[in-house]
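Novice: Positions 6 to 423 (the numbering used here) are the ones given, in order, by the sequence shown. C-beta: ideal position from N, C-alpha, C; glycine also. Computed from a predicted structure; not experimentally measured.
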Amino acid sequence: MLGGGAWAADIHDVRLWRAPDHTRIVLDLTGPVEHQVATLKNPERVVLDIRGVRLRTDFSQLTLKGSPVQRIRHAPRDGDGLRVVFDLDDEVKPRSFMLGANESYGERLVIDLMDRNARPVVAKRVQSEKRRDIVIAIDAGHGGDDPGAVGPGNLYEKHVVLAIAQELHRLLEKEPGFRPVLIRKGDYYVGLKQRRDLARKAQADLMISIHADAFTSPRAHGGSVYALSHSGATSAMAAFLAVSENSTDAIGGVMIEGKDNDLVRILTDLSMTASLEASMRIGGHILQDMAEVTHLHSRRVEQAAFAVLKAPDIPSILVETGFISNPEEARRLATRAHQQRLARAIFSGIHRHFNESPPPDTHLAWLRSNGRSREYRIVRGDTLSEIARRHQVSVVALREHNGLQDNRIRVGQTLKIP
6 MLGGGAWAAD
16 IHDVRLWRAP
26 DHTRIVLDLT
36 GPVEHQVATL
46 KNPERVVLDI
56 RGVRLRTDFS
66 QLTLKGSPVQ
76 RIRHAPRDGD
86 GLRVVFDLDD
96 EVKPRSFMLG
106 ANESYGERLV
116 IDLMDRNARP
126 VVAKRVQSEK
136 RRDIVIAIDA
146 GHGGDDPGAV
156 GPGNLYEKHV
166 VLAIAQELHR
176 LLEKEPGFRP
186 VLIRKGDYYV
196 GLKQRRDLAR
206 KAQADLMISI
216 HADAFTSPRA
226 HGGSVYALSH
236 SGATSAMAAF
246 LAVSENSTDA
256 IGGVMIEGKD
266 NDLVRILTDL
276 SMTASLEASM
286 RIGGHILQDM
296 AEVTHLHSRR
306 VEQAAFAVLK
316 APDIPSILVE
326 TGFISNPEEA
336 RRLATRAHQQ
346 RLARAIFSGI
356 HRHFNESPPP
366 DTHLAWLRSN
376 GRSREYRIVR
386 GDTLSEIARR
396 HQVSVVALRE
406 HNGLQDNRIR
416 VGQTLKIP
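Below you can see the structure in the form of structure tokens.
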């Protein structure tokens with residue numbers, strides 16, 4: 006046996022995340038290490054050699070289902086080293102890098118197993134040449150190794166916002182004329198630049214990033230809506246949250262490349278005033294509807310330099326659904342009912358904006374120009390007055406158009422919108 010000083014670091018935890026195009030393995034370390042990664046054929050394997058390290062955790066705790074990893078083996082190597090072998094059922098392209106300690110984690114070794122011929126899954130935008138759907142990119146913040154803010158009882162922001170995003174996706178999917186796209190479909194991390202790129206590949210008409218952040222004081226509470234700022238932040242809270250959200254690439258683990266190109270993109274963003282104006286209008290609609298289901302931290306659309314909003318050609322907003330650092334608000338955010346109410350409020354604001362100002366080549370614009378009736382399918386939580394307000398018609402007109410005797414409606418029922 007070697008003495009304790011022979012090892013430079015311990016591996017005290019291991020995590021595995023599955024994303025659409027890769028599998029990420031993260032080793033938590035007590036200090037930095039040197040490592041090498043190699044691939045072997047027949048059968049497919051990835052071999053990880055780490056110098057001066059001691060294993061203090063168990064790889065058998067990992068859930069490998071859905072990943073290309075079939076089995077993980079390990080053995081000592083060269084006295085004070087460790088060899089880890091990932092047995093695979095398909096070819097992958099490995100990459101690895103060290104991440105330094107931050108406020109959430111210590112030193113980490115990240116191994117990404119990139120799927121062969123991986124392609125991002127995006128929605129097709131065009132329904133027909135003249136009547137396409139409006140594409141909404143829904144971005145659930147954080148994910149994977151980046152939990153986001155953590156509230157009482159280990160309530161993770163990443164889980165709360167994914168549930169709200171999935172509910173918003175469900176509502177939009179049922180609405181004729183809209184096509185929602187989830188940027189993050191599960192518990193894995195997506196870099197801030199990649200989130201913008203995925204929205205652009207989906208040819209989104211709107212990108213909405215959903216969060217539930219924290220503040221240094223547990224008294225901070227309420228929902229907010231943010232757009233990109235061309236200059237400084239419009240409030241101290243906006244500046245604080247922008248710094249917090251923009252640091253997530255360092256937590257989630259993203260290798261920063263192409264800084265010059267990114268600088269060009271940011272400078273381009275600052276000249277795209279049309280996208281910002283649309284973002285402000287959509288944000289205002291969402292704020293009005295959020296006010297009916299939760300307290301608002303600010304009743305105006307705030308602005309700050311959120312990195313995730315810097316898509317030059319897509320109106321983009323960031324919605325803070327509440328503060329997980331506030332115990333009372335955290336309890337509500339943890340409930341399915343409140344998550345659904347928030348999703349419905351966001352949906353209502355989006356729906357109202359695009360019915361007022363549909364892009365000219367869309368199905369909604371075609372209906373509007375041809376004076377056609379639209380249809381709406383009732384979902385749980387709907388009321389006739391809310392549907393009338395959302396579509397900018399009176400309750401009386403809505404009842405008469407559908408032959409209703411009163412305001413009672415049922416889930417699954419289809420209404421024609423005059």
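Using CA coordinates, which residue listed in Ser-101, Asp-83, His-79, Gln-208 is at the minimum distance from Asp-92?
Specialist: His-79
Novice: Apart from the five residues on each side of it in sequence, which residues of its chain come closer than 7 Å, Cβ to Cβ, to Glu-172?
Specialist: Gln-344, Gln-345, Ala-348
Novice: Would you kindly work out how many angstroms separate the C-alpha atoms of Pro-223 and Asn-331, rounded to a whole number?
Specialist: 5 Å
Novice: Could you tell me if Val-401 is buried or exposed, where buried requires 16 or more neighbouring beta carbons within 10 angstroms of its beta carbon?
Specialist: exposed
Novice: What would DSSP say about Gly-71, mapped onto helix, strand or coil?
Specialist: Assignment of Gly-71 by DSSP, reduced to helix, strand and coil, places it in the coil class.
Novice: At 3 residues or longer, what runs of the beta strand (DSSP E) sit wholly inside the stretch 352 to 390?
Specialist: As far as the stretch 352 to 390 is concerned, its whole beta strand (DSSP E) runs of at least 3 residues are 379 to 382.
Novice: From the DSSP output, in three-state form, read off Gly-228 for me.
Specialist: strand
Novice: How big is the Cα-Cα spacing for Leu-21 and Asp-411?
Specialist: One alpha carbon belongs to Leu-21, the other to Asp-411, and they sit about 54 Å apart.
Novice: Tell me which same chain residues have a C-beta within less than 7 Å of the C-beta of Arg-76, skipping the five on either side of it?
Specialist: Here Arg-76 has Asp-92 as same chain residues with Cβ atoms under 7 Å from its own Cβ, once five neighbours each way along the sequence are excluded.
Novice: Would you report the Cα separation of Ser-321 and Ala-204, rounded to the nearest angstrom?
Specialist: 10 Å
Novice: So Pro-437 is in the alpha helix (DSSP H); what residue range does that whole segment cover?
Specialist: Since the first and last residues shown for the chain are 6 and 423, residue 437 lies out of range.
Novice: What number of angstroms, rounded off, separates the C-alpha of Asp-202 from the C-alpha of Ser-214?
Specialist: 13 Å
Novice: Pull up the DSSP beta-bridge partners for Leu-420, would you.
Specialist: Tyr-381
Novice: Considering Leu-301, what are the terminal residues of the beta strand (DSSP E) in which it resides?
Specialist: DSSP places Leu-301 in no beta strand (DSSP E); its state is neither H nor E.
Novice: Return the Cβ separation of Ile-16 and Leu-34 in integer angstroms, given the expectation that the two are a contact with Cβ distance under 8 Å.
Specialist: Contact between Ile-16 and Leu-34 is confirmed by a C-beta separation of about 6 Å, below the 8 Å threshold.
Novice: I need the DSSP call for Phe-102, collapsed to helix, strand or coil.
Specialist: strand
Novice: Taking the alpha carbon of Arg-357 as the reference point, which residue from Gly-289, Glu-334, Leu-323 has its own alpha carbon closest?
Specialist: Gly-289
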